Each structure stands twice: as structure tokens, then as C-alpha cells.
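All the letters of the sequence shown, read from the start, carry residue numbers 64 to 491 under the working numbering.
Positions of the beta carbon are idealized from the N, C-alpha and C atoms, including for glycine.
This structure is a prediction, so every number in the text was calculated from the model and none was measured.
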Amino acid sequence: MIIVLVIIGLDYYQQDKKHEGTLSANGYVDTIKHRFAQQQVERDVKAAERERKKLWEAGAKPHLPASTKEWMRYELTDAGNEDVATAITEYGMTPLISSISNTAELMSLTNAGKDGILRKLSKTGAVYVQGEEIAWFDISLKPESARNTLAGIALSRQQNFMAHAVIKKGFAVVDGVAFIEITQDTTSPAKALAYRKIVGRIGIDEEVVVRMHTNASDASIRELLGEVDYAALNALMTFPSPVVGKGLSVPMARQPEVATKMDRLYSKMKMVQEKTASKKLENLDFAAVMVNAMTASGFNSEGLMDITGGEVFENQDILQIGYGRAQKLLLDSDERHAALDGPAEQDTAATDIAAEVDNAAKDAAAEQEAPGFFSRLKDKLPAFGESEPKEAAATRTKASQPVRVHKGGLGGGCAKVGSIKRCSVIGQ
């Protein structure tokens with residue numbers, strides 16, 4: 064009893080100080096209720112995040128549509144089915160680059176050949192058949208790129224290059240998700256696509272990627288896309304999109320144009336990310352590079368240290384949140400113009416979106432374009448020429464200092480800023 068009374072007395076004293084000596088007995092009881100309620104909210108938030116991660120790890124295939132009256136669903140492993148065999152042979156199915164987690168999995172897929180690729184694809188997609196119409200429908204989860212290792216930056220740049228090496232047009236906007244149709248792959252300019260290629264994304268960097276390769280008509284494609292619960296897919300994201308799964312409706316006639324605008328916004332944000340990557344490569348700290356190479360567990364692992372030794376700040380959370388805000392601004396602006404039954408004021412919308420993007424990425428934007436990944440890496444490596452520029456060499460002679468932040472201190476010379484852990488090594 065004495066111990067309990069002492070604890071209560073000390074707690075009351077501390078709470079009373081916060082209220083400048085005016086805390087009554089009833090007020091103290093209210094502070095207890097408030098603190099317990101706050102702790103419960105925190106526990107609920109942590110439980111929700113654990114559940115989200117669990118669902119993310121389970122993958123998005125459970126969100127694919129079941130068979131409907133119009134569409135019959137078949138698994139990719141059912142190779143004896145004629146329609147499945149047609150899809151496998153003609154529809155150019157490939158796993159996302161980001162879905163390959165490490166070198167061991169890459170080697171395993173290479174050695175297993177076509178059967179290994181099909182087993183992997185069967186975890187994310189299925190084949191749908193309606194009469195003569197056949198569709199490969201895939202929903203894959205792309206984890207946040209590892210922006211703190213050379214392997215992660217290289218893979219991210221490869222994905223961005225492949226995404227831009229196509230000719231595309233807006234197709235549809237379904238429940239806040241923009242879908243584009245890829246009409247030509249410029250890496251194979253002489254070979255026309257033998258099927259229609261539809262792609263939609265939720266989020267940026269950490270993404271839900273919806274892909275469909277099909278011979279179906281516009282109406283059939285829209286029908287199948289409309290069977291997906293996009294709100295449930297959006298809930299898998301660390302930062303859910305403010306426009307996806309909200310029941311937003313874009314007039315059919317305007318959907319291709321709006322989808323094109325949303326895709327341009329996505330491309331612009333990816334360019335901001337690319338500029339930051341170039342800035343990182345200009346400021347490589349090779350001690351950190353080596354530590355990360357040894358401690359990263361796979362292609363999507365960050366390692367332990369900031370690859371630039373604190374010279375270049377990057378927080379992917381800013382990019383993801385800013386992208387969601389810019390999407391909402393774009394759709395709200397388009398909705399206002401559509402309500403006026405007049406043409407969309409594209410210049411005004413573009414100005415507003417550009418301002419939103421710049422604000423969201425203010426810590427990441429670089430002023431100039433930089434050379435490619437491998438040429439910059441070659442310039443940085445001593446084995447290919449001068450060990451490093453004179454100015455950089457002079458800078459490296461100074462002892463490195465720990466990054467000082469006030470969020471999420473980890474001790475031991477490490478600190479966490481956003482989603483990146485930064486550490487210093489004495490004398491690096």
C-alpha cells in the first residue's frame with residue numbers, strides 16, 4: 064500500500080507540474096483516463112500495422128476476381144487447358160523485377176527455366192476466359208526500392224528505364240486507379256505486340272501493380288478490372304492513396320485523358336527519385352558501400368549505413384505522401400472542370416500539380432540531370448582512373464561525425480530518419 068501510494072503521489076506531482084499547480088483530484092483522474100486511452104490507441108495502431116504487414120506478405124492474389132458468369136478463372140499451373148496454354152505461349156508473361164528477392168532466387172529461376180517462371184507467376188496471377196477472349200490478370204506487390212545499396216539503385220533504375228521504354232496511352236480510371244495501355248515496346252520496335260497490355264498502379268515506389276495481357280475488347284477489360292476490390296488493395300500500403308477505393312467516378316469519355324495525366328504525374332515523381340539517386344552516386348562513401356554490401360540480405364534490403372555518409376538526405380515517405388496528395392489535387396481539379404461542362408484548364412492544373420510535387424520532394428530534388436548508373440559508378444571506382452576528385456579527397460580527410468537527429472535515436476552512432484537508418488564509423 065505504501066509503495067502504491069508513493070507511486071501515485073509521484074505521478075500526481077509530475078502531472079500537477081504539467082498543469083502549473085492547478086490540477087485537482089478529479090482532473091488527475093481525467094489524466095489517468097486520457098493516458099490509458101492514448102496507450103490503447105497506440106496499441107491499436109501497432110496491431111493494425113502488424114496485420115497490414117501480414118497481409119502484404121501473403122500477397123495480392125487473394126484479391127483477384129473469382130470466376131463470374133462471364134469470366135472463367137484458371138490457374139497458370141493448369142497447363143493442360145488450351146486457353147491457359149495460349150496465354151502462356153502468346154501473352155509475354157514475366158514476373159516483376161522487384162519480386163525477385165535475392166541472387167539465390169534469381170539463380171533458382173534461371174536454372175528452373177519455364178517451369179520455374181510459371182510457378183512464380185502462379186503466385187500472383189491467373190488466366191480468365193470468356194468465349195474467344197483470354198486474359199492473363201496479375202496483381203503483384205512491389206516493395207519499396209532499396210535506395211541505400213548499389214544493387215538496389217541499379218534495380219530501381221532498370222525498372223524505371225523499362226517503364227519509360229514504351230509507347231503508351233491512357234485507357235481507364237477505375238475507382239481512383241489509372242490504367243494505361245502499352246501499345247509498343249521501343250526496345251523491340253520492329254515487333255508489334257500480339258496482345259493488349261494494360262497496367263495500373265497504386266502508390267509509388269511501394270506499389271500494387273495490376274497487369275493484364277489480353278485480346279479482349281475495351282468493354283470486357285473494363286468489366287474484369289471492375290471486379291477488383293481496390294479499397295482492400297489500397298489498405299495493403301504503408302501510405303494508402305487518398306483517391307483509391309473511395310468511389311471516385313470519372314466520366315467514361317474523360318477517363319483516357321485523366322489516366323494519361325495521372326501517368327505523367329507518376330513519371331514526374333519517378334524522375335525526382337532518379338535525380339536523388341544521381342546525387343547519391345556523386346557522393347558515395349565507399350566504407351558505407353562496403354558495409355551495406357555485406358549486411359544487405361537481398362535486393363530489397365537497405366543495409367546498415369547511409370551510402371553517402373550523411374551528404375544526401377532522402378526520405379521515401381516524403382515521396383509517397385506527396386504523390387498521394389498530388390493525385391488528389393489532380394482528380395479534384397479535373398472534377399471541378401468537368402462539373403462546369405467545359406474543357407479542363409490543363410495549364411492551371413499542371414501548375415498546381417508541379418507545386419505539389421516540388422513541395423513533397425523538396426529534400427530530394429536535384430538541379431541537373433546526371434550520367435547513367437554504370438558510367439558514374441565507373442568514374443567513382445579507383446580501379447578505372449583517378450581515385451577521386453581533389454575536392455572530394457580533401458573532404459574525406461575530415462573525421463566523420465554522427466548524423467544528429469531528434470527522431471528515433473538508436474544509439475551506438477546510429478540514428479533513424481524516416482525509413483533510413485544512418486550510422487557513422489569513426490575514421491571512415
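| Asked | Found |
| --- | --- |
| Integer-rounded CB distance, given that Thr-149 should sit under 8 Å from Ile-197 | 6 Å |
| Distance between Thr-85 and Ile-202 (C-alpha atoms, nearest Å) | 58 Å |
| First through last residue of the alpha helix (DSSP H) which encompasses His-227 | 213 to 227 |
| Arg-459 in three-state terms, based on DSSP | In this prediction, Arg-459 scores a pLDDT of 40, lower than 50, which makes its location untrustworthy; the coordinate-derived value is nonetheless stated afterwards. Arg-459 falls in the helix class under three-state DSSP. |
| Cβ neighbours of Ser-171 in the same chain (closer than 8 Å, five flanking residues each side left out) | Gly-179 |
| Cβ-based neighbour list, Ile-243, same chain, cut-off 7 Å, excluding 5 preceding and 5 following | Lys-231, Lys-232, Gly-233, Phe-234, Val-262, Ala-322, Asp-326 |
| Check: Gln-78 C-beta below 7 Å from any heavy atom of the ligand GDP | What this structure holds is no ligand at all, so the ligand GDP is not there to describe. |
| 8 Å Cβ shell around Thr-140 - same chain, five flanking residues per side excluded | Leu-181, Arg-182, Ser-185 |
| Touch test, the stretch 117 to 135 against the stretch 281 to 293, Cβ-Cβ under 8 Å, three pairs minimum | yes |
| Local conformation of Tyr-154 per DSSP, three classes | coil |
| Per-residue burial, Arg-220 [other beta carbons within 10 Å of its own, 16 or more giving buried] | buried |
| Through-space distance from Thr-358 to Ala-100, alpha-carbon basis | 40 Å |
| CB of Pro-206 within 8 Å of CB of Asn-363, strictly | yes |
| Nonlocal neighbours in the same chain, by C-beta distance under 7 Å from Leu-250, ignoring five residues either side | Leu is not the amino acid found at residue 250; the sequence shown has Thr there. Cβ within range, chain order: Ala-228. |
| As assigned by DSSP and simplified to three states, the class of Gly-361 | coil |
| Beta-carbon gap between Gly-366 and Asp-348 smaller than 8 Å | no |
| Cβ pair Asn-297, Ile-265 closer than 8 Å | yes |
| Cβ separation of Val-271 and Leu-204, assumed to be a contact under 8 Å, to the nearest whole Å | 6 Å |
| Residue burial classification, Ala-351 (beta-carbon count within 10 angstroms, cutoff 16) | buried |
| 6 Å CB neighbourhood of Pro-305 in its chain, flanking five on each side removed | Gly-387, Lys-391 |
| Proximity winner among Arg-259, Ile-384, Lys-81, relative to Ser-27 (alpha-carbon distances) | As displayed, the chain neither begins before 64 nor continues past 491, which places residue 27 out of reach and without an answer. |
| Assigned secondary structure, His-97 (DSSP; H/G/I helix, E/B strand, else coil) | helix |
| Supposed contact pair Ile-216 and Ala-340 - C-beta distance, whole angstroms, cut 8 Å | 5 Å |
| Which of helix, strand or coil DSSP assigns to Ala-241 | strand |
| Exposed unless 16 or more other CB atoms sit within 10 angstroms - verdict on Pro-314 | exposed |
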